[in-house]
Each structure stands twice: as structure tokens, then as C-alpha cells.
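Numbering (the numbering used here), first residue to last: 21 to 343.
Notes for the one structure printed next.
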Amino acid sequence: MVLVTGGAGYIGSHVCKALSQEGFTPICYDTLEKGHDWAVRWGPIERGDIGDRDRLDEVFERCRPTGIIHLAGYIEVGESVREPERYMHNNAAKSRVLIEAALAHDVEAFVFSSSCSVYGLPQADRLSETHPIRPLNPYAESKAHVEATLRDSAARGLRSAALRYFNAAGADPDGEIGEAHDPETHLLPLAVDAALGLGPPLTLLGDDHPTPDGSCIRDFVHVSDLAAAHIHVLRWLQRSPAKGLHEAFNLGSGVGYSVRQVLAETARLAGPVPLKVGPRRPGDSPRLVGDISKSKRELGWTPTRDLGTQIEDTLRWRRNMAR
Ligand SMILES: NC(=O)c1ccc[n+]([C@@H]2O[C@H](COP(=O)([O-])OP(=O)(O)OC[C@H]3O[C@@H](n4cnc5c(N)ncnc54)[C@H](O)[C@@H]3O)[C@@H](O)[C@H]2O)c1
């Protein structure tokens, strides 16, 4: 049994599917504040808040999970700038409650969804795990805070990993689940919806960044590749002989595409993407691309689905959602 907090959300539901395909039973622990009950298909749901210690104790005692994959949290950078306390409370303070529960119930492995945003302004073309941690907004700050709590908890016997995701994209290749955020802020669904006439024209957030075509460069990783990595990490933690440990791993594709390149590929697969140019978003890095050599080497994980596949899977999913 593996407890998946945020298991009703976009990435969490793909993680639950991957776990069940590998013979684990995922228990989705989610408030459903942002997630969807239709996305919980591969195990039971325990509705609850990660900040509710009594509810956590009750679920831990009944289900006895050996691992936790902790994806629950708020995810919007812009909102975190407007409401920093809400983000620090939900993402950082409540995670501390979950970590204390994991320690009290002797959970073998704790996997945390962190973010490449913890690196702040990049000092290299490809960011490795040793890049300094300099969060630029409360969302990233909350992620860095949880990483630090987990690092400190190693001395108390917790075995944990922080997974620094780059940009999750795409949808389940079987078409069963996909991204359904409200409001949607991610590039691929917005671009596909604009191309299909299901949404407004896409707003390019600045075309004067110091990049070859003026748009930001990002590293997109298919959500099913991302989900598969969690199984590799669970096994890596479970076979580690150390009693307490903490490691960070980048999860991306290792390849950078500019927003304009993504739009050109979307246009090729879905039709022209209506576009308007807006101002830069404060705090946006011109380039965020991961060095994923540590994850490949130590976890034996390699992403397999390219940008074209990510767009095609998004396209299929958004068409289905619109029906
Ligand atoms: N989507 C990305 O590209 C990306 C990139 C970097 C990191 N991440 C991280 O991955 C995780 C999952 O992201 P996502 O895109 O699937 O988000 P999502 O909003 O689709 O899923 C998050 C889930 O957490 C639940 N939740 C929120 N607060 C909770 C709480 N206090 N207790 C219980 N459940 C709670 C929500 O109801 C939702 O189902 C997040 O932690 C996010 O910060 C995502």
C-alpha cells in the first residue's frame, strides 16, 4: 500500500495508475479541493487534509502504507505571490504535519513532489541538483522549506527523496486521465485549446526574453514518464541500506524548447494557435532546463515520450474533455 497525497490531481492520478500497473495499491489521500473524483480509478480514496493529524493517524493505522508519495499542494506561482501565507500554510506547514505522521508510523519511504523553481535564477544552461537553492516566490519557497524539513528528518530515520519536476505535460496515453486545472495556467492545454477553438487566444508571456526567439525556454516531461519515475524512486529508497537519508532528483527531459517552438509544433499537429503577446510575468526565468544525468544513473529512469507525443496526448485528452 502506498499513500498518494494529491492523488486526485493531474500528476497524482497518473502516479496512482503507474503504481497499480506495478502491483502496488495506491490509496489516494486528497481534499478534492482541486482534484477530481473521476481521476481516482486505481485504488480507494480517503478524503482528508494533509494538515489533519487525527485523520492521518486513522488512515495510517487502518491502511498501514509502507510508502508515501506526497503531491498534495497548491500549484500556482502567481497566486502564491498574491497570497503567500496561504501557500506557506497549505504547502509547508501542513507538510510538516504529514512528515511527523510518517515518522510516527515508521513509513519506509517518503517521496516529495518538489519543483525546479527552487533553483531560482539559473546559473547554468542545464541545472543539476547541486545548483544553489534560491527560491524567487512563495510557491518555490514552500517547496524548499519542505525539502529542508525532509533533510532534517533523515537524522530521525526518515528515508526521503525530493523530486524536482520541470514542466509536466501530456496526458495518459490510453486517454483515461489528463490535466483539468481550473483555472488552467499550463502551456500545452492552453495552446491546444486555442488551436481547437475551445479557449481564448494564447497569451505569450513576453517576447523580449534573452533567448534566440525572445520567448522562454522550458523543459517538458511527459506526465506518464514522470509517474514512472516515482516507482523507480520508491524502489531506490526501499532498497537503500541507510536508516535515514535524503536525496534530490531532477525529473525533466533534459531538452529545452522555447514557447514559440512548442507553439509551432502544436500548430503542426492541431492547427494554427491564435496568439497575442503580453508582458513578461514577474519572476519568470528565461531558461529552465534540467540536467537529468543523476536520475538516469542512480534511478535507472529515462523519459521516453517526446514533445510531439506530449502534444498529441494533450490534444486527444482536451478533445475528449470537450465532448
Ligand atoms: N504540474 C507541474 O508541472 C508541476 C511542476 C513542478 C511541481 N509540481 C508539483 O506536483 C504536485 C502535483 O501537481 P499537479 O499539477 O498534479 O496539481 P493538482 O492541483 O492537479 O493536484 C494537487 C492535488 O492536491 C490536493 N490538495 C491540495 N492541498 C491539499 C491538502 N492540504 N490536503 C490534501 N490534498 C490537497 C488537491 O485537491 C489536488 O487534487 C504539486 O505539489 C505541485 O507543486 C507540479
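Even for Gly, the Cβ is constructed at its ideal location relative to N, Cα and C.
Classify residue i as buried or exposed, calling it buried when 16 or more other Cβ atoms lie within 10 Å of its own Cβ.
i: Gly93; result: buried
i: Trp256; result: buried
i: Cys134; result: Inspection of the sequence shows that residue 134 is occupied by Ser rather than by Cys. Buried, because 16 or more other Cβ atoms sit within 10 Å of the Cβ of Ser134.
i: Trp58; result: exposed
i: Lys163; result: buried
i: Leu271; result: buried
i: Leu218; result: exposed
i: Arg176; result: exposed
i: Asp74; result: exposed
In chain order, what residues of the same chain have a beta carbon less than 8 Å from the beta carbon of residue i, not counting five sequence neighbours either side?
i: Ile70; result: Thr25, Tyr49, Leu76, His90, Ala92, Lys114, Ser115, Val117, Leu118
i: Gly320; result: His252
i: Ala38; result: Ser244, Ala247, Ala248, His250, Ile251
i: Lys296; result: Pro221, Leu222, Thr223, Leu224
i: Pro12; result: Examination of residue 12 is not possible in this model, given that the chain is present from 21 through 343 alone.
Return the Cβ separation of residue i and residue j in integer angstroms, given the expectation that the two are a contact with Cβ distance under 8 Å.
i: Phe269; j: Arg179; result: Contact doesn't hold; Cβ gap of about 14 Å is too wide.
i: Phe130; j: Leu170; result: 7 Å
i: Ala215; j: Ala290; result: 4 Å
i: Asp19; j: Ser148; result: Residue 19 cannot be examined here, being either before or after the span of the chain that is shown, 21 to 343.
i: Ala189; j: Leu208; result: 5 Å
i: Arg301; j: Gly98; result: 7 Å
Suppose the cutoff is 6 Å on Cβ atoms and the five residues either side in sequence are ignored; what does the same chain contact list for residue i look like?
i: Ala160; result: Ser137, Val138
i: Thr322; result: Lys316
i: Gly68; result: Tyr49, Arg75
For residue i, which beta-bridge partners are listed by DSSP?
i: Gly99; result: Per the sequence presented here, residue 99 reads as Glu, with Gly not at that position. None, per the DSSP bridge assignment.
i: Glu267; result: Ala181
i: Lys296; result: Thr223
i: Pro46; result: Val22
i: His90; result: Thr25, Phe132
Here's a check: name, in chain order, each residue in its chain whose Cβ is nearer than 7 Å to the Cβ of residue i, leaving out the five neighbours to either side.
i: Met21; result: Thr45, Ile47, Cys83, Arg84, Pro85, Thr86
i: Pro193; result: Ser244, Asp333
task = May I have a chain-ordered list of the beta strand (DSSP E) segments no shorter than 3 residues that lie completely inside the region 157–190?
result = 179–185, 187–189
request  = Would you mind listing the beta strand (DSSP E) stretches within the region 215–260 that are 3+ residues and don't spill past its ends, in chain order?
outcome  = 222–225, 240–242
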